[in-house]
Every structure is written in structure tokens, then in C-alpha cells.
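Okay, so here's the structure we're looking at.
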Amino acid sequence: MSGIRIENLNVWFGEHEARVDAVKAASLAVPKGGSFGLVGESGSGKSTILRALTGLVPTWNGRMEVLGQPLGKKRDRGFYRSVQMVFQDPYASLHPRHSVDQVLGETLSLHGFRDIDERISKLLDDVGLGDAFRFRYPHQLSGGQRQRVAVARALAPEPEILLLDEPTSALDVSVQAEILNLLSDLRKEHNLTYLMVSHNLAVVGHLCTDIAVMQLGEIVETLSVEKMRAQQTSHPYTRHLLASSLGAIKTSQPQE
Amino acid sequence: MTMIPQPRQGLRAWLLTDTPTSRTHARLSALYQSWLSFRGNQMAMFGLGILVFLVFVAAFAPLLAPHDPFTQNLLARLRPPGSAGYLLGSDSLGRDILSRLIYGSRITLYIVTLVAIVAPVVGLFVGTVAGYTGGWVDIVLMRITDIFLAFPRLVLALAFVAALGAGIENAVLAISLTAWPPYARIARAETLTMRNSDFIHAVRLQGAGPLRIIIRHIWPLCISSLVVRVTLDMAGIILAAAGLGFLGLGAQPPTPEWGAMISDGRRFILDHWWVATMPGLAIFTVSLAFNLLGDGLRDVLDPKEGSQ
Amino acid sequence: MSKAAERNLLEVENLWVKFPTRSGVFDAVRGISFSLGRERLGIVGESGSGKSMTGRAILRLIRPPGIVRADRIALAGENLMLLSERQMRSVRGQRISMIMQDPKFSLNPVMRVGEQISEAYRLHADTSRAAAKQKSLEMLEAVKIRDPERVYTLFPHEVSGGMGQRIMIAMMMIPDPKILIADEPTSALDVSVQMQVLEIMDKLVKDRGMGLIFISHDLNLVSAFCDRVLIMYAGRVVETCRADRLHEATHPYTRGLLNSLPRLDAPVERLEVLKRDPAWRNEDSISGQT
Ligand SMILES: Nc1ncnc2c1ncn2[C@@H]1O[C@H](COP(=O)(O)OP(=O)(O)OP(=O)(O)O)[C@@H](O)[C@H]1O
Ligand SMILES: Nc1ncnc2c1ncn2[C@@H]1O[C@H](COP(=O)(O)OP(=O)(O)OP(=O)(O)O)[C@@H](O)[C@H]1O
Ligand SMILES: [Mg+2]
Ligand SMILES: [Mg+2]
Chain C
1 MSGIRIENLN
11 VWFGEHEARV
21 DAVKAASLAV
31 PKGGSFGLVG
41 ESGSGKSTIL
51 RALTGLVPTW
61 NGRMEVLGQP
71 LGKKRDRGFY
81 RSVQMVFQDP
91 YASLHPRHSV
101 DQVLGETLSL
111 HGFRDIDERI
121 SKLLDDVGLG
131 DAFRFRYPHQ
141 LSGGQRQRVA
151 VARALAPEPE
161 ILLLDEPTSA
171 LDVSVQAEIL
181 NLLSDLRKEH
191 NLTYLMVSHN
201 LAVVGHLCTD
211 IAVMQLGEIV
221 ETLSVEKMRA
231 QQTSHPYTRH
241 LLASSLGAIK
251 TSQPQE
Chain L
1 MTMIPQPRQG
11 LRAWLLTDTP
21 TSRTHARLSA
31 LYQSWLSFRG
41 NQMAMFGLGI
51 LVFLVFVAAF
61 APLLAPHDPF
71 TQNLLARLRP
81 PGSAGYLLGS
91 DSLGRDILSR
101 LIYGSRITLY
111 IVTLVAIVAP
121 VVGLFVGTVA
131 GYTGGWVDIV
141 LMRITDIFLA
151 FPRLVLALAF
161 VAALGAGIEN
171 AVLAISLTAW
181 PPYARIARAE
191 TLTMRNSDFI
201 HAVRLQGAGP
211 LRIIIRHIWP
221 LCISSLVVRV
231 TLDMAGIILA
241 AAGLGFLGLG
251 AQPPTPEWGA
261 MISDGRRFIL
271 DHWWVATMPG
281 LAIFTVSLAF
291 NLLGDGLRDV
301 LDPKEGSQ
Chain H
1 MSKAAERNLL
11 EVENLWVKFP
21 TRSGVFDAVR
31 GISFSLGRER
41 LGIVGESGSG
51 KSMTGRAILR
61 LIRPPGIVRA
71 DRIALAGENL
81 MLLSERQMRS
91 VRGQRISMIM
101 QDPKFSLNPV
111 MRVGEQISEA
121 YRLHADTSRA
131 AAKQKSLEML
141 EAVKIRDPER
151 VYTLFPHEVS
161 GGMGQRIMIA
171 MMMIPDPKIL
181 IADEPTSALD
191 VSVQMQVLEI
201 MDKLVKDRGM
211 GLIFISHDLN
221 LVSAFCDRVL
231 IMYAGRVVET
241 CRADRLHEAT
251 HPYTRGLLNS
261 LPRLDAPVER
271 LEVLKRDPAW
281 RNEDSISGQT
């Protein structure tokens, strides 16, 4: 069974002359339990695909399927039980006046769970925070700890699919390593399906098995991570991206 | 100052902990921390002190007042402050000004409480619904707000009072009904800045409906700026009530309302200054207290400034 | 020393940033010294190590109750610590610009981004509205934003993460400052755009003799782009080195940061996680002066 299936997806903003096509005829498929990376130019529509999947952007056409179910314009609560998202900016994605306990408690009660107290403990444990953080407010947490809370919130309804929008780009390398390890552990434990956006090829390469490369709203190439590492690419943009990623490591001067 | 690390003990340590152990503990601890930072602001504490004193005076008015505020004594008309039995002097009908001020504090508190409950709640509701929903709901609600704003406040209040009938309750209601539009605008502006933020998107992804998002997620962030604004507006509200009283549409004589007392004393302002000055001083003090309190609350409540 | 002072655009001696809290004073920056010539100086370190506070302290942008203490912060020989708040205001933006870490937070959420850039420009150069708009469009184009005409009319929540960062960069380069402090300016950009944006900054350093303080957690990037690096831990500088030698750094903390990077060319099953040694906190701060 497929986890996520997108065919010929178009997403646009605005109407008439002001219309902007952010995503054009994108197609991709992620098998259940797979992990798929979306990379590409800034502003190429990566976040927009995730937001269309979760129903945050209503203006789209084409076909989107999650766990075999085609998606309509409205999403029901059942959908949000199986699909969850982690946002890019850990500083913006937590309510400044809600403690960790309130954030997780509300999520759990919205999804109709009863044993909220035990579940909060377990979730905090899962993301490596522990009960000591339970009553803290976001301003008492570092960026990495906030992102862990965001991951815990996304895991609360026991979803099968996790959409990750640049989960580590705002974090420093040591925290990035912690979060990436955490994500790969969680995937193994809960058999999750990941669709991850990142601009960092090394991060995508670490966590994903397949990637799609986007430019100007279109998916220009889909390939496996092994192929990417071996530099067996067909599209010039992918080659360019790969060259600059490797170039940044090797050379000591910025290059085109 | 209080910055030196101190050994913590007992209740204080329990309240100041970084690792609360239960929901109640966390709530109490947060309250105590806000209280501590509020306490650090001396001017705000001064304002709070005055207001606590006002409440005390209003509660025990019969015990504190040396005279009955309504008893006239034409033999003791217009006595200057400090004369025997009349600490703050007496007015044109020989009533003790101090006693009238003490009883008048009840009316002032009554006005303040009623307005503070009605106006911000209406404004908060209208503003957040308009801001969050957007589209035509926003347009309709904000046009209504604009219409209210376009009329001079006193004229609108006059119209309301004329329709509802004179009297202090109706005057207060009229003031509240004319006071909400600015609050609606503030609430809407605040809502606009956060309705597209990720933490709102995140709750939408939990399947939460708009009403829940507005009440549980947007209100807590608007309330602080509204509370501050309301306390800062209080002076104006007290004066507006006085103005209505002056026009004969608010508190009816012989009610010892401070504003009405001023307009009473206006006739003698040159020869008998104290009749108008004493209630004026009272209004000034209470308004100042509210202003100081508002400033202090802003420091404690503003989530952008007080995040650490 | 005086010769060095002539060569250096900025000298910082013994800088402290303190936050008084209820449980004692928290030192975010603890006595660091460094200098900046016409070069690209990188500051790296883990989250909370005081990188942003260092940048903000130079411009006296620490919010109360935070306190800045320094023996000297000299901009071209002039001690900034002695300036009044009013004089400081003309230093900010005119002579030293700073790109803040969180672009969406620094932009006004209910004003179009183009208008914000134009306003910044008009504040600096007293020109007509149309000229400011023209200039803003040019700036957007310079930071490689596709379709600047459209982006000019968007609200901050309508631009992508990377576009927001580039808008901030465009805004800060308008006044043509002597020193640019860039706090994580490119963390949301893909490598190719990142390189293009860095090239613009590089040009400013080379052509106009600007000094650049580049704060980042991306060690590869800093190593590739900067001339010199300060590595910060818990408010102190634990190591300094030439940027291209960063990969040969010896301090266990720097090594730990380097090892926790995922590598495109050498995949691993699990990433290494930094193990912090409490002794690092008490090491002396190393001077970054030249
Ligand atoms: N609400 C909106 N209204 C108008 N345009 C929008 C809106 N949201 C996104 N866009 C546009 O859609 C395009 C794609 O944005 P998106 O956020 O998907 O980019 P991205 O690939 O995630 O880039 P980045 O890596 O920089 O985050 C951009 O040009 C952006 O300006
Ligand atoms: N108002 C404050 N009160 C107390 N401590 C503060 C305050 N503001 C910042 N700090 C502390 O100062 C330290 C340094 O913060 P700074 O923002 O400089 O870190 P950074 O190195 O830029 O980290 P990052 O990579 O996450 O941006 C942090 O430990 C932070 O918790
Ligand atoms: Mg994005
Ligand atoms: Mg920082």
C-alpha cells in the first residue's frame, strides 16, 4: 500500500492576474514505511506541497492520496490522526503562553484520548525530554528542546505519516544530530512514513532513501539517495546542486 | 537588590522552582513569578496601593465617613477645609465634602467595574472574530466598528441614554457601548499578526475548529494588551461618567458622584475653590493610580517583552 | 598596537553580557576579546553559546534587563561604549548593520515586504517614493529573488523561509555600512542560492573594504566562506583558527561539532552527539585579536 501518492498536483495563490503557480504538475509516491526527501531551490514550492497535503492551502487541483484514501477539499479529524506535520521554525510553532503540558494535553484531548497524563509522560520520554520539562513554557526551552516538543505533539495522535518541513535548519549541528537520530529511531519503532523537506542534501541523504528535486514549482528529477551519492543524475539543476554541496565542503572559496 | 542569589526555603522555594510537579503547582508558580516582577515596579505598586485603599474606603464607607453625605446644613455652607468638623470643607448645601468623597468612591468603583467588564469583552469578541475569520465577516464587523468610532463618544452616549433613560446604570452602559470599538481594533490588529503563525497552523492540524482557536489560542495573547489599555483608559471613563452627570444624564443629585460634585462646585470656583478641587483631586489620584497600574501590568503581561 | 588599531575596523576588549535573574546573574558572554579587519570573521558554536548576544552587544541592542560591559568596543578607533544612546542610533544602520537571526520575527507581519524595504531606504537616503521602490526592486534582484515585482507586494507570511532571509539581507545592505553583522543569514537557503548570496557579501568585503561578522552554526559553510573563525562555548572563545584550517581544529568541543555533521560523501548509521565536558566552561577565553 502506498503511504502518500501525489499525481499532477497544481497549487496556486491568488486569482486572475495576481495568480502565482507555486507548484506545477508535481507527482511523487512514498511507500508506506518509506522516507522521502524533497530538496530544491528556495521558493520552489517544497513547503507548499506539504501545506497542500495537510489542507492549509485550499487552492489546488490534481490528485492526492494518503494511505489509499483520496483527499478532498476538507480534511476530517481522522485524517489528522494519521498525518501530522513538524514545522520549520521551532521558535514560531509553539504557543508562547502554553506550557508543554498544555500543548500536548490539548492535542491528546482533541483526538479523543482518555489517559492523557500517562500519554504525556510517555511522549516526553519518547522524544528524550522527560517529566522535568512538562510544565515549562517555550521561553524556558532551547531551540532543540522546542523542536522536540513539536515532534512530540506531532507524534501524539499516533500518526502513520509525518511531514517534516526543514526540521533542523534552525538548529545548531549538535542539536541537529540529536534530532536526526531521534527521527530515525522513531521511524523504526513506530514504522512511520516520512516526507521531509530540506535544503541540506547531507541531511536528506542521512534520513531518506529517495529524493525529489524541485525547481520553479516543478519536480525536475526523482532519484534514489545512492544514485545521488554516486552523482548519477540526469537533470542539470540536480547536478548543479550536488556540485555546490560537495564544493562547499572541499573548496575554501565560494564558487558558482 | 533582589538579584543576589539567596538560599531558598519552604514555600518560596516551592513557588520559585524551575521544575513544577503538577498543574496547580505550575500555575501557582507562574502567578508568583509574575507577582514578583510586578512587585519590582515601585510605581505600579504605588498605583495598586491607591486602588486597594479605594476599595477599602468604598467597603467601609459608613464607618469611615464622619457625616451623612446627604444631610444638609445650611448654617455650615461653604466652610473652608480644616474648619471644625469639616476636614475638607463643606459644599453649597453644607454637606461634608470628605463624606461625599468617601461615598462617591463606591460609585466610581461601580462605574469602573461595569465598564471594564462590558467594553473589553465586546471588543475582544468582535475584533478577534473579524481578524481571524477575514473575508466579508471582517468587512462587515469592522465597518460597524468604524460607524461607532465616527460619532463623538459623548454624542453617542447621549443618544443611548436618551433611549434608555437617565441614571447611573444607563450612563455606564452607554459609556461601555461607546468604548468597545478601540478594543475591537486592538484585538483585530493583534489577531492579524498571529493568525498566519505556525502555532495557529499547528492547532488547525489537530482538527481544532475556529471558535476553539479564537478562544483558547488567540484570546490569551490579546488579553494582556487589552488589560493594559483598559487600565490606561480608566481615567477617561471616569471623566466621561462625570461629564454625563454634568449634563444631568448620569448620576442624579443628590448622589455624591465625583464628576457631578465638580460641576456643582464650578459656580463657586473663584471664591470657594475647595468645592470643585477636592473631587477633582480624587479623580486625579484614582486616574493616576490606574495609569501607573497599567504601566506595571504592561511590563508583566506583554509576552514580547517579558519572555525571560 | 596603534598600527593594528588603524588596520582594524572594530576592536572588542573584554566583553561581558549579563542577565540579572531571580536566581542570580546569568552571564551570556564572559569576557571575550577580538578584532575585525577588512575580513570575514566567522563565529560558530552551539545553541546558547552567546553568538547572537555578542553581535547584539556591539550595537547595544541587548534588551533590558541585560547589561553590556566592556573595556573597549572601538569602531575605527572611536570607543562605542562612551557614546550616548542618540549617537548610537546613528551608528546602527549607518556604520554597522545587523541581520537578525529570525527574519520573520524582525519583519512587520502586517506590512508588505517591499514597503518595508522602501521605508528602510527612505530613512537612509532622502529620496522620492518611486526612486525608493526602484532601488528596493534592484536590491531584491541582487539577492537573487525571482520575480521581484511580485515579491515586493507580498506579506511576510506569504514568502518562503529562504525568501524571508534574503529580504532581510537586502534591507541591511541598503545603507552601505562599514561593518555587517550577519546572524545566521543563510540557514534556510539551499546551497546554490546560499553561494550566490555569500558572493554578494564577499564582494562588499573585497570592493568596499567592509568588515563582516558571520555568525553561523554551519561549520562547513564558515570554513569555506570566512577568513578567520572564533569558536564559542558558554560565553567564551575556546578556540580560534584560520577558517580553512577549521577541519584540523584540536579542541574536543570543536571536534565534537565537526563530527556531528552528516556527510554527503560518507554516510553513517548514527550521527555522533556532542558530549560536553564541564571543564570547558572554566577554560580561559582565547583572544581573537590580531
Ligand atoms: N500565502 C501565499 N500567498 C502568495 N504566495 C505564496 C503564499 N505562500 C507561498 N507563496 C509563494 O509560493 C512560492 C513557494 O513557496 P514555498 O514556501 O513553498 O517555498 P519553499 O520551496 O518552501 O522555499 P524555502 O526553501 O525558501 O522555504 C513562493 O514563491 C512564495 O512566495
Ligand atoms: N533575557 C534573557 N535573560 C536571561 N538569559 C538570556 C536572555 N536572553 C538570552 N539569554 C541567554 O543567553 C545565552 C546566549 O544566547 P544567544 O542568543 O547569544 O545564543 P546563540 O549562541 O546565538 O544561540 P543560537 O544558535 O541558538 O542562536 C543563552 O543561553 C540564552 O538562554
Ligand atoms: Mg519552506
Ligand atoms: Mg543566535
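Protein chains in written order, with our numbering: chain C, 1 to 256; chain L, 1 to 308; chain H, 1 to 290.
Glycine included, C-beta positions come from ideal geometry on N, C-alpha and C.
query	result
So with Cβ pairs under 8 Å, would you call residue 41 of chain C a contact of chain H?	yes
Quick check: the Cα distance between residue 99 of chain H and residue 206 of chain L, rounded to an integer number of angstroms?	35 Å
Can at least three beta-carbon pairs, one atom from the region 80 to 88 of chain C and one from the region 154 to 166 of chain C, be found at a separation below 8 Å?	yes
Say whether chain H places a C-beta atom closer than 8 Å to the C-beta of residue 206 of chain L.	no
Would you say the beta carbon of residue 154 of chain H comes nearer than 7 Å to a heavy atom of ligand 1?	yes
Helix, strand or coil: which one does DSSP assign to residue 100 of chain C?	helix
Residues in its own chain within less than 8 Å of residue 88 of chain H by CB, not counting five upstream and five downstream?	59, 60, 80
Tell me which same chain residues have a C-beta within less than 8 Å of the C-beta of residue 163 of chain L, skipping the five on either side of it?	none
So which residues touch the region around ligand 2, with touch meaning a C-beta under 6 Å from any heavy atom?	C:143, C:172, L:308, H:19, H:21, H:26, H:28, H:45, H:47, H:48, H:49, H:50, H:51, H:52, H:53, H:66, H:101, H:217
For a cutoff of 8 Å on Cβ pairs, would you count residue 17 of chain C as touching chain L?	no
Would you check whether ligand 4 has a heavy atom nearer than 7 Å to the C-beta of residue 89 of chain C?	no
Does the Cβ of residue 217 of chain H have 16 or more other Cβ atoms within 10 Å, making it buried, or fewer, making it exposed?	buried
Any beta carbon from chain L within less than 8 Å of residue 77 of chain C's own beta carbon?	yes
Do you know whose CA, among C:65, C:239, C:188, C:142, lies nearest residue 270 of chain H's CA?	C:188
For residue 231 of chain H and residue 113 of chain C, what's the separation of their Cα atoms in angstroms?	47 Å
Taking 8 Å as the cut-off, decide whether the C-beta atoms of residue 309 of chain L and residue 197 of chain L are in contact.	Past the boundaries of the shown model lies residue 309 of chain L; chain L is included only from 1 to 308, so the question cannot be answered.
Indicate the three-state DSSP secondary structure (helix, strand or coil) for residue 126 of chain C in the structure shown.	helix
Please find out if some non-hydrogen atom of ligand 3 comes closer than 7 Å to the beta-carbon of residue 161 of chain H.	yes
Quick one: list the residues of chain H neighbouring residue 221 of chain L, beta-carbon separation under 8 Å, in chain order.	The premise fails here: residue 221 of chain L is roughly 13 Å from chain H at the closest Cβ pair, so nothing lies under 8 Å.
Does residue 88 of chain C come within less than 8 Å of chain H when only Cβ atoms are used?	yes
The beta strand (DSSP E) spanning residue 379 of chain H covers which residue range?	Any question about residue 379 of chain H goes unanswered here, given that chain H covers just 1 to 290.
With DSSP as the reference, label residue 135 of chain H as helix, strand or coil.	helix
Using alpha carbons as the reference points, say which of L:141, L:115, L:195 lies closest to residue 170 of chain L.	L:115
In chain order, what residues of the same chain have a beta carbon less than 7 Å from the beta carbon of residue 22 of chain C, not counting five sequence neighbours either side?	11, 12, 13, 45, 48, 217
Residue 120 of chain C to residue 107 of chain C, Cα distance in whole Å?	10 Å
What three-state label does DSSP hand residue 273 of chain L in the structure shown?	coil
Mapping the DSSP letters down to three states, classify residue 197 of chain C as helix, strand or coil.	strand
With a threshold of 7 Å on Cβ separation, who are the neighbours of residue 1 of chain H within its own chain once the five nearest residues in sequence on each side are excluded?	In this prediction, residue 1 of chain H has a pLDDT of 47, which is less than 50 and means its spatial position is unreliable; what the coordinates show is noted afterwards. Excluding positions up to five away in sequence, the list is empty.
Is there contact between the region 251 to 261 of chain L and the region 101 to 111 of chain L, where contact requires at least three CB pairs shorter than 8 Å?	yes
For residue 110 of chain H, return the contacting residues in chain L, with the cut-off set at a CB-CB distance below 8 Å.	189, 192, 193
For the region 199 to 221 of chain C, list every residue whose C-beta sits within 7 Å of some C-beta in chain H, in sequence order.	199, 201, 202, 203, 205, 206
Determine the chain C residues that contact residue 34 of chain L at a beta-carbon separation under 9 Å, and present them in chain order.	Neighbours of residue 34 of chain L on chain C: none; closest Cβ ~12 Å, over 9 Å.
Unbroken beta strand (DSSP E) runs of length 3 or more, entirely within the region 57 to 102 of chain C: which are they?	60 to 66, 83 to 86
Three-state secondary structure (DSSP) at residue 272 of chain H?	coil
For a test of the three-state rule: what should DSSP assign to residue 111 of chain H, helix, strand or coil?	coil
Suppose the cutoff is 8 Å on Cβ atoms and the five residues either side in sequence are ignored; what does the same chain contact list for residue 262 of chain H look like?	268, 271
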